[in-house]
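Scroll down for the structure; my scribbles are underneath it.
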DNA sequence: GCCGTTTTCGGCCCGACTGTTTTCAGTCG
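Numbering (our numbering), first residue to last: 2 to 603.
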């Protein structure tokens, strides 16, 4: 929910990988790697019992680094002053420079001399925080998850101050199951569970509002847990109905206004019940993000007010809280769209001017990326066209894979030529939707395209995509993408980062140069709406917008139902501050055609 | 460790639930 990085999935260097020192040869460290070092420093300082605000500074710096569009190493190379970044002062700027130069932070090496690196693993165990981790280390010499497990099974935890029978049992099971890394479920996979649970809760006596807040409401691409907010005069019946839900596997906590359960699927759900007059304040609080909330609370303090989940207070008196609008107004801001609440400049914006109206699903006029049975799809072209029409689209580009992707039955020039003719015939008889002739052509390792110019030139658009050699050196990867974009028939760069959420990191390359190149060549970047891709990510959507590069939100549909994925693409686009104007496939076909033609006339 | 429409020092967001306690620390969100 409101916590950007949760304790139980707290990461030491992103993805739960072991921490650096970096072993990347000459390559500069990525921002998330530097951030991982800072998070680990924060973890260790916390165990040492350091000044909590100093710890917070390291975590804030890690967050800032993860939100940057450009590698800090590049900024340094250009002589930029990193202390201009929020939460980065002289000391932390120096430490960033140190990592970029040496791959190490001396301070972390020193901390490792005092506390074993494995100790931070213990913080992932629910119920173990810094104090208990330190106690386990000092009294029992425990230095890793495995050590904790051994001590627990050997009965060595008994008698430790603060460790009762219940905690020991919980820790023993947790340590055993903590070996595999907890995955954050994808937004799309959580949605059916959320819908069903909300429906169940609405049956509670006396319930008023009932809504999923947290990162789900902010449309983050993955959701750590579900945060549900309900209103009721009497919270008991709502809490009772919640914990009695038939998919609840375990009740982790239950109080009069709040409860936490684990569902059979493993998904954690938190429910909070507040009175109606607190709904707006609670919704702000439970929607997060945590840094956004903290910023709001600081604004409240500056105005002599106090903001919590019950309202905005002047002394004892509530001055706002029933609606989100009242809360934001009380601290001098316009309402911030939930998708933008990440403390990435939205607060300052809300103080000064209205937000742009962010894109909505109904703004989409067409889809420029889908497949049929001709490659690895599951339906005919006509069936896909009909599904797109029912979704409300008026044009659809058919973009099969190209020959290189043999596993997907990719098209060679001859088969593509036949499909072009087939689409012409279909367009003669289809009503209510127009098909565009395209291809998702492989971008080969050297940046060449996987089909000859003669056939690409007959298409309405050419979508280029990387499907292999993800691990090229950054300079090579950048050159590959730039060369592809230079191709005379290139229109759209599909899933540009190449990431698969929770399973594959994106490729390493210079996105800023790619965006700038796309602008010069009047090409577009795709925001692929597949739930496990959502690629471009939010920060690069915003970068593309600022550079004036149009984004194409593509379903990459492989079957009729997949057009629903566009909704998740819209969520991500909104997180990237995109309006209808910033997205190419909000144009009616008459306006789209000249834009596509311009990409193909270089 | 950061930061500045009171401040270059003295602040730094706020509350619920659990477990083991006799009034609260630790953890979590």
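Built from N, CA and C at the ideal position, the CB exists for glycine as well.
Candidates 590, 37, 465 and 330: which alpha carbon is nearest residue 104's? Indexing the first chain from 1 puts residue 104 at position 103. When only C-alpha atoms are compared, the closest one is 37.
Do you know offhand how far residue 145's Cα is from residue 120's? Within the first chain, residue 145 is the residue found at index 144, counting from 1. Within the first chain, residue 120 is the residue found at index 119, counting from 1. Cα-Cα distance, rounded: 5 Å.
Could you tell me the distance, in whole angstroms, from the CA atom of residue 59 to the CA atom of residue 84? The count along the first chain starts at 1 and reaches residue 59 at position 58. The count along the first chain starts at 1 and reaches residue 84 at position 83. Going by the C-alpha atoms only, they are around 14 Å apart.
Between the beta-carbon of residue 242 and the beta-carbon of residue 258, is there less than 8 Å? Taking the first residue of the first chain as 1, we reach residue 242 at position 241. Taking the first residue of the first chain as 1, we reach residue 258 at position 257. Cβ distance not < 8 Å, so residue 242 and residue 258 don't count as in contact.
6 Å Cβ shell around residue 216 - same chain, five flanking residues per side excluded: Translated into positions along the first chain, residue 216 becomes position 215. For residue 216, where only same-chain residues beyond five positions count, the Cβ hits under 6 Å are 224.
In the DSSP output, what is residue 211 paired with across the bridge? Translated into positions along the first chain, residue 211 becomes position 210. DSSP lists 231 as partners of residue 211.
Quick one: measure Cβ to Cβ for residue 312 and residue 303, integer angstroms, because I've assumed they're closer than 8 Å. Taking the first residue of the first chain as 1, we reach residue 312 at position 311. Taking the first residue of the first chain as 1, we reach residue 303 at position 302. Actually they do not touch by this definition, with Cβ atoms about 17 Å apart.
How big is the Cα-Cα spacing for residue 17 and residue 124? Your numbering for residue 17 matches position 16 in the first chain. Your numbering for residue 124 matches position 123 in the first chain. Residue placement at residue 17 cannot be trusted, given a pLDDT of 35 that sits under 50; what the coordinates show is reported in the next sentence. Distance between the alpha carbons of residue 17 and residue 124 is about 12 Å.
Could you work out which residue in 81, 244, 86 and 56 is closest to residue 67 when comparing CA atoms only? Within the first chain, numbered from 1, the residue matching residue 67 stands at position 66. Comparing Cα positions, the closest option is 86.
With H, G and I counted as helix, E and B as strand and the rest as coil, what does DSSP make of residue 157? Taking the first residue of the first chain as position 1, residue 157 is located at position 156. Correct three-state label for residue 157: coil.
Provide the residue span of the beta strand (DSSP E) that contains residue 429, from first to last. Walking along the first chain from the start, residue 429 turns up at place 428. Run containing residue 429: none in the beta strand (DSSP E); it sits in the alpha helix (DSSP H), 414–430.
Could you tell me the boundaries of the beta strand (DSSP E) in which residue 436 lies? As a first step, residue 436 is located in the first chain; it is residue number 435 there, counting from the start. Element bounds for residue 436: 435–438.
Please determine, among 494, 547 and 514, the residue with the shortest C-alpha to C-alpha distance to residue 600. Your numbering for residue 600 matches position 599 in the first chain. Closest by alpha carbon: 494.
Considering only their Cβ atoms, is the gap separating residue 480 from residue 520 smaller than 8 Å? Within the first chain, residue 520 is the residue found at index 519, counting from 1. Within the first chain, residue 480 is the residue found at index 479, counting from 1. For residue 520 and residue 480, no; Cβs fall outside 8 Å.
Same chain, Cβ closer than 8 Å to residue 1, five either side skipped, listed in chain order: This structure does not reach residue 1, given that the chain is present from 2 up to 603, and the question cannot be answered.
Go ahead and label residue 194 buried or exposed: buried means 16 or more other beta carbons lie within 10 angstroms of its beta carbon, across all protein chains shown. By one-based count along the first chain, residue 194 stands at place 193. Buried: at least 16 other Cβ atoms inside 10 Å.
Going by the DSSP bridge assignment, what does residue 367 pair with across the sheet? For the purposes of this step, residue 367 is taken as residue 366 along the first chain, with counting starting at 1. Residue 367 pairs with 396.
Going by C-alpha distance, which of 326, 159 and 394 is nearest residue 567? Counting from 1 along the first chain, the entry for residue 567 is found at position 566. Nearest C-alpha to residue 567: 394.
Bridge-paired residues (DSSP) for residue 402: Taking the first residue of the first chain as position 1, residue 402 is located at position 401. 441, per the DSSP bridge assignment.
Residue from 525, 532 and 533 with nearest C-alpha to residue 541: Mapped onto the first chain, residue 541 falls at position 540. It is 525.
How would you label residue 529, buried or exposed, when you count the other beta carbons within 10 angstroms and need 16 or more for buried? In the first chain, residue 529 corresponds to position 528, counting from 1. With 16 or more Cβ atoms within 10 Å of its Cβ, residue 529 is classed as buried.
So, does the stretch 379–393 touch the stretch 332–349, judging by three or more C-beta pairs under 8 Å? no
Once the 5 residues before and after residue 74 are set aside, which same chain residues still bring their CB inside 7 Å of it? Here residue 74 refers to the residue found at position 73 when the first chain is read from its first residue. Same-chain partners within the cutoff: 29, 30 and 101.
If residue 376 sits next to residue 418, beta carbons under 8 Å apart, how far is it from one beta carbon to the other, in whole angstroms? Walking along the first chain from the start, residue 376 turns up at place 375. Walking along the first chain from the start, residue 418 turns up at place 417. Actually they do not touch by this definition, with Cβ atoms about 15 Å apart.
Counting pairs of Cβ atoms below 8 Å between the stretch 321–330 and the stretch 363–379, do you hit three or more? no
Take residue 581 and list the residues in its own chain whose beta-carbon comes closer than 6 Å to its own, dropping the five residues that flank it on each side. One-based indexing of the first chain puts residue 581 at position 580. Answer for residue 581: 360, 364 and 587, listed in chain order.
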